[in-house]
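Protein chains: 2
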Amino acid sequence: MSKRDAIIHAATILFSTKGFENTRMSEISHMTGAAEGTIFYHFKNKEDLFLAILEQFRQDVMNEFDLYLREMEFEDGMEMLEGVLSFYLSLAEKMEDRFLLLHRHDAYELARVNEACKEHLESIYNGLVNIFENALVKGKADGSMVSVPPKKTALIIFSMVDGLVRFNTYELYDAGSLYTELITACRKMVRNQDNSGIGDKNA
Amino acid sequence: MSKRDAIIHAATILFSTKGFENTRMSEISHMTGAAEGTIFYHFKNKEDLFLAILEQFRQDVMNEFDLYLREMEFEDGMEMLEGVLSFYLSLAEKMEDRFLLLHRHDAYELARVNEACKEHLESIYNGLVNIFENALVKGKADGSMVSVPPKKTALIIFSMVDGLVRFNTYELYDAGSLYTELITACRKMVRNQDNSGIGDKNA
DNA sequence: ACCCCAACTGAGCGCTCAGTCGGTTTTCAC
DNA sequence: GTGAAAACCGACTGAGCGCTCAGTTGGGGT
Numbered sequence: 010m011s012k013r014d015a016i017i018h019a020a021t022i023l024f025s026t027k028g029f030e031n032t033r034m035s036e037i038s039h040m041t042g043a044a045e046g047t048i049f050y051h052f053k054n055k056e057d058l059f060l061a062i063l064e065q066f067r068q069d070v071m072n073e074f075d076l077y078l079r080e081m082e083f084e085d086g087m088e089m090l091e092g093v094l095s096f097y098l099s100l101a102e103k104m105e106d107r108f109l110l111l112h113r114h115d116a117y118e119l120a121r122v123n124e125a126c127k128e129h130l131e132s133i134y135n136g137l138v139n140i141f142e143n144a145l146v147k148g149k150a151d152g153s154m155v156s157v158p159p160k161k162t163a164l165i166i167f168s169m170v171d172g173l174v175r176f177n178t179y180e181l182y183d184a185g186s187l188y189t190e191l192i193t194a195c196r197k198m199v200r201n202q203d204n205s206g207i208g209d210k211n212a
Numbered sequence: 010m011s012k013r014d015a016i017i018h019a020a021t022i023l024f025s026t027k028g029f030e031n032t033r034m035s036e037i038s039h040m041t042g043a044a045e046g047t048i049f050y051h052f053k054n055k056e057d058l059f060l061a062i063l064e065q066f067r068q069d070v071m072n073e074f075d076l077y078l079r080e081m082e083f084e085d086g087m088e089m090l091e092g093v094l095s096f097y098l099s100l101a102e103k104m105e106d107r108f109l110l111l112h113r114h115d116a117y118e119l120a121r122v123n124e125a126c127k128e129h130l131e132s133i134y135n136g137l138v139n140i141f142e143n144a145l146v147k148g149k150a151d152g153s154m155v156s157v158p159p160k161k162t163a164l165i166i167f168s169m170v171d172g173l174v175r176f177n178t179y180e181l182y183d184a185g186s187l188y189t190e191l192i193t194a195c196r197k198m199v200r201n202q203d204n205s206g207i208g209d210k211n212a
């Protein structure tokens, strides 16, 4: 592992757990065994290091999803949605620290003044929401779901699952025990079962 | 308005928009006209000031909900859920800065080392989730909803609405345009009508 | 053997900022 | 009016931190 990679790795953990501001360059240095000067040799400043981490995260997440979607074959949109949901949750567990990074405010702060950062963030979010949206479009086409506005519904589903992951990292509730309820809730939201008009056929 | 109140007010805005770490005591001083020494006369340190803000927020939110629930009379649980949802969203707009504070990571960070902070946070979240839960229990009792696990469903609904508010503050999507979809989604999740055997409550 | 240069080093500079302290003003009970 | 306490003030301190820079190292090319 090169010094540069080691620095990115250590900084990811520290930025995630302690936050950008609360992480000292000296800590990263100490954790990697690299001198402080070395960090500034590879990254022009602390902010630049942060962006490198974000970019790496984006690539890794998208790669994971690409691989997953390529190797899976879904019967219909409903099945795809469920698959994508649970894969998202497993990813959030597997890459826990970096998801935490996304759930901090540091990146959004930086995005206000740094165009590159804003692009990274939007690209990450759009990528994720698109995956859900694709499932919804597929489900609509094959009749496994009712006709819902795909983009908006995707956003709602995303905010739901993202919120749960957040609960977990905040350690306020055990979100893990909510996974089955989450899937059930999503299914109810979009399933095609009673053919009523959208929501107004009350028994 | 006393100096102390002015300090809390200014600090709330600054902590919300700039974050705890990024807010200088000198800024709070400048914004209020109070000298820096005065801030430390009223609050023993920066952290203590932060906790005072949190506590104030908790009280205000709970007061608002108490008032709302007292003056409203709901036909059934379903109506209550919708009312509570939209009131939550309007509150988030009205108290935008303080909700932003809740969506930052500062408080959760502090909660790890500060017991009082953790208690404030849990009390805020439990208070909010309970409100949704009460609506679900009511709906279950009066038959306007299917039988769902109230606590878990309340958590899911809460994470959904909270996620939307977050989108808004992050300015990534216009969550406002999603409000009607949100209500629809919730209704589908819990409504009592002919379901294909999942939850079978009678009309 | 020699050079070159990318990689790396770490002491230290310049600055920032939470918190202090000695003092002044305001308030108010008697 | 008087005294004392509460409220307020702001220059100052000192620890901490991002970043610099002059110098070292080591491996590959000739």
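Taken in order, these protein sequences are the chains called V and D.
Going by the working numbering, the residue at position 27 of the first sequence is 36; the numbering climbs one at a time, nothing skipped.
Going by the working numbering, the residue at position 94 of the second sequence is 103; the numbering climbs one at a time, nothing skipped.
Each residue gets a CB set at the ideal place from its N, CA and C atoms; glycine is no exception.
These figures come from a predicted structure and were not determined experimentally.
Check	Outcome
Proximity test, Cβ basis, 7 Å: S168 (chain V) and chain D	yes
Between the CA atoms of L90 (chain D) and A163 (chain D) - distance to the nearest angstrom	10 Å
Neighbourhood of L23 (chain D) by C-beta distance below 8 Å, restricted to the same chain and skipping five residues each side	T32, E36, I37 and M40
Under 8 Å (Cβ pairs) to chain D, residues found in the stretch 78 to 96 of chain V	none
Chain D within 7 Å of N204 (chain V), Cβ atoms only	Legend: pLDDT at N204 (chain V) = 40, less than 50; position of this residue unreliable, no value from coordinates given.
Local conformation of R113 (chain D) per DSSP, three classes	coil
is_contact[H114 (chain D), chain V] using C-beta, thresh 7 Å	yes
Heavy atom of the ligand SAM within 6 Å of E56 (chain D) beta-carbon	Here there are no bound small molecules, and the ligand SAM is not part of this structure.
Alpha carbon of F176 (chain D) to alpha carbon of H129 (chain V), nearest angstrom	16 Å
Three-state secondary structure assigned by DSSP to A20 (chain D)	helix
Local conformation of R196 (chain V) per DSSP, three classes	helix
For A116 (chain V) and K55 (chain V), the rounded distance between their alpha carbons	13 Å
Residues of its chain near V146 (chain D), where Cβ-Cβ distance is below 8 Å and the 5 sequence neighbours each way are ignored	G86 and P159
Chain V residues whose Cβ lies nearer than 9 Å to that of E30 (chain D)	G28, F29, E30 and N31
Start and end residues, alpha helix (DSSP H) containing A163 (chain V)	P159 to Y179
Same chain, Cβ closer than 7 Å to I140 (chain D), neighbours up to 5 away in sequence not counted	F74 and V93
Length of the line joining the Cα atoms of Y134 (chain D) and S25 (chain D)	18 Å
CA nearest to the CA of F49 (chain D), picked from D:I17, D:M10, D:K127 and D:F167	D:I17
DSSP three-state assignment for M154 (chain D), whether helix, strand or coil	strand
C-beta neighbour in chain V for L58 (chain D), strict 7 Å	no
Same chain, Cβ closer than 7 Å to K27 (chain V), five either side skipped, listed in chain order	none
Rounded straight-line distance, which links the Cα of E82 (chain D) to that of K127 (chain V)	45 Å
Under 7 Å by beta carbon: chain D residues contacting T21 (chain V)	None at all; the shortest Cβ gap to chain D is about 16 Å.
Interfacial residues, the stretch 177 to 194 of chain D to chain V, with Cβ spacing under 7 Å	Y179, L181, Y182, L187, E190, L191, T193 and A194
C-alpha gap between L78 (chain V) and M34 (chain V), whole angstroms	39 Å
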